[in-house]
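Asker: For the sequence shown, full-length UniProt numbering begins at 1 and goes up steadily by one. Every residue gets a Cβ at the ideal spot worked out from N, C-alpha and C, and that includes glycine. A quick note: this is a predicted structure, and the numbers were derived from the prediction, not measured. The structure under discussion is supplied below as C-alpha coordinates; questions concerning it will follow.
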Amino acid sequence: MVALLVGGSVLWAVCGGLFLLSFLTMHRVAEDSEKNSLFECGFEPNMECRAPFSVRFFLIAILFLVFDVEVVLLLPGVWAHGLGWGGWSAGFVVFLLVLAAGAFYEWAAGFLDWKW
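Next up, the structure:
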(Lines of atoms letter the chains of each structure in order from A and count residues from 1; the text may use other names and numbers.)
(Lines give C-alpha, C1' and ligand atoms only; values in the text may rest on other atoms or scores of the structure.)
Protein backbone atom coordinates (compact mmCIF):
# COMPACT_ATOMS: atom_id res chain seq x y z
CA MET A 1 0.00 0.00 0.00
CA VAL A 2 2.84 2.37 0.86
CA ALA A 3 4.61 1.47 -2.39
CA LEU A 4 1.48 2.38 -4.34
CA LEU A 5 1.22 5.71 -2.53
CA VAL A 6 4.90 6.51 -3.10
CA GLY A 7 4.72 5.42 -6.75
CA GLY A 8 1.66 7.60 -7.36
CA SER A 9 3.33 10.57 -5.69
CA VAL A 10 6.47 10.12 -7.79
CA LEU A 11 4.36 9.86 -10.94
CA TRP A 12 2.52 13.09 -10.08
CA ALA A 13 5.82 14.82 -9.29
CA VAL A 14 7.38 13.71 -12.60
CA CYS A 15 4.32 14.82 -14.59
CA GLY A 16 4.26 18.16 -12.77
CA GLY A 17 7.99 18.62 -13.37
CA LEU A 18 7.61 17.89 -17.08
CA PHE A 19 4.72 20.32 -17.29
CA LEU A 20 6.75 23.02 -15.54
CA LEU A 21 9.79 22.32 -17.74
CA SER A 22 7.73 22.56 -20.93
CA PHE A 23 6.13 25.79 -19.71
CA LEU A 24 9.52 27.37 -18.99
CA THR A 25 11.19 26.26 -22.22
CA MET A 26 8.44 27.21 -24.65
CA HIS A 27 9.01 30.50 -26.41
CA ARG A 28 6.20 32.98 -26.46
CA VAL A 29 4.73 33.89 -29.83
CA ALA A 30 4.27 37.60 -30.44
CA GLU A 31 0.63 38.49 -29.96
CA ASP A 32 -1.24 39.53 -33.06
CA SER A 33 -3.96 42.09 -32.47
CA GLU A 34 -6.10 40.67 -35.28
CA LYS A 35 -6.03 37.18 -33.78
CA ASN A 36 -7.06 38.52 -30.38
CA SER A 37 -9.93 40.61 -31.72
CA LEU A 38 -13.50 39.50 -31.17
CA PHE A 39 -15.55 38.25 -34.06
CA GLU A 40 -19.16 37.31 -33.68
CA CYS A 41 -22.06 37.90 -36.03
CA GLY A 42 -20.19 40.58 -37.94
CA PHE A 43 -20.49 43.18 -35.18
CA GLU A 44 -17.39 45.22 -34.49
CA PRO A 45 -16.44 45.29 -30.80
CA ASN A 46 -15.46 48.96 -31.02
CA MET A 47 -19.03 50.08 -31.70
CA GLU A 48 -20.95 52.09 -29.18
CA CYS A 49 -22.81 49.99 -26.63
CA ARG A 50 -26.26 51.35 -27.35
CA ALA A 51 -26.58 50.69 -31.05
CA PRO A 52 -30.08 51.16 -32.48
CA PHE A 53 -32.06 47.94 -32.77
CA SER A 54 -35.15 47.47 -34.88
CA VAL A 55 -38.34 46.71 -32.97
CA ARG A 56 -39.38 44.36 -35.77
CA PHE A 57 -36.60 41.93 -34.86
CA PHE A 58 -37.61 42.10 -31.21
CA LEU A 59 -41.28 41.46 -31.99
CA ILE A 60 -40.52 38.49 -34.22
CA ALA A 61 -38.23 37.04 -31.52
CA ILE A 62 -40.90 37.43 -28.83
CA LEU A 63 -43.56 35.84 -31.05
CA PHE A 64 -41.22 32.95 -31.79
CA LEU A 65 -40.55 32.39 -28.09
CA VAL A 66 -44.25 32.52 -27.17
CA PHE A 67 -45.29 30.05 -29.84
CA ASP A 68 -42.28 27.84 -29.19
CA VAL A 69 -43.26 27.51 -25.53
CA GLU A 70 -46.87 26.84 -26.49
CA VAL A 71 -45.80 24.07 -28.86
CA VAL A 72 -43.82 22.51 -26.01
CA LEU A 73 -46.98 22.68 -23.90
CA LEU A 74 -48.85 20.82 -26.65
CA LEU A 75 -46.61 17.76 -26.47
CA PRO A 76 -48.12 16.26 -23.26
CA GLY A 77 -51.59 16.56 -24.80
CA VAL A 78 -50.50 14.64 -27.88
CA TRP A 79 -48.91 12.01 -25.65
CA ALA A 80 -52.05 11.74 -23.51
CA HIS A 81 -54.23 11.45 -26.60
CA GLY A 82 -52.03 8.63 -27.85
CA LEU A 83 -52.47 6.79 -24.56
CA GLY A 84 -56.23 7.11 -24.80
CA TRP A 85 -56.78 9.42 -21.83
CA GLY A 86 -60.09 11.13 -22.57
CA GLY A 87 -59.83 13.72 -19.80
CA TRP A 88 -57.27 15.75 -21.71
CA SER A 89 -59.34 16.07 -24.87
CA ALA A 90 -61.51 19.06 -23.88
CA GLY A 91 -58.63 21.04 -22.40
CA PHE A 92 -56.43 20.17 -25.34
CA VAL A 93 -59.02 21.43 -27.84
CA VAL A 94 -59.51 24.67 -25.87
CA PHE A 95 -55.75 25.20 -25.76
CA LEU A 96 -55.50 24.63 -29.51
CA LEU A 97 -58.34 27.10 -30.13
CA VAL A 98 -56.67 29.78 -28.00
CA LEU A 99 -53.37 29.16 -29.79
CA ALA A 100 -55.04 29.38 -33.20
CA ALA A 101 -56.94 32.54 -32.18
CA GLY A 102 -53.68 34.18 -31.07
CA ALA A 103 -51.93 33.27 -34.30
CA PHE A 104 -54.89 34.53 -36.36
CA TYR A 105 -54.98 37.81 -34.40
CA GLU A 106 -51.26 38.42 -35.00
CA TRP A 107 -51.68 37.70 -38.69
CA ALA A 108 -54.83 39.87 -39.03
CA ALA A 109 -53.32 42.77 -37.06
CA GLY A 110 -50.29 42.77 -39.35
CA PHE A 111 -47.71 41.98 -36.68
CA LEU A 112 -46.11 39.44 -38.98
CA ASP A 113 -45.82 41.88 -41.91
CA TRP A 114 -42.29 43.16 -42.32
CA LYS A 115 -43.34 46.50 -43.85
CA TRP A 116 -45.27 48.73 -41.46
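Quick check: the region 92-100 against the region 63-81, are at least 3 beta-carbon pairs closer than 8 Å?
Answerer: Touching, yes.
Asker: Do you know how far the Cα of L83 is from the Cα of F57?
Answerer: Indexing the sequence shown from 1 puts residue 57 at position 57. Indexing the sequence shown from 1 puts residue 83 at position 83. Looking at the two C-alpha atoms, the distance is approximately 40 Å.
Asker: If you run the structure through DSSP and keep just helix, strand and coil, what is S54?
Answerer: Taking the first residue of the sequence shown as 1, we reach residue 54 at position 54. In this structure, S54 counts as coil in the three-state DSSP scheme.
Asker: Taking the C-alpha atoms as reference points, what is the distance between D113 and F23?
Answerer: On the sequence shown, position 113 is the one that residue 113 refers to. On the sequence shown, position 23 is the one that residue 23 refers to. The alpha-carbon atoms of D113 and F23 are separated by roughly 59 Å.
Asker: For L11 and L21, what's the separation of their Cα atoms in angstroms?
Answerer: Taking the sequence shown and counting its residues from 1, the one referred to as residue 11 is at position 11. Taking the sequence shown and counting its residues from 1, the one referred to as residue 21 is at position 21. Their Cα atoms are separated by approximately 15 Å.
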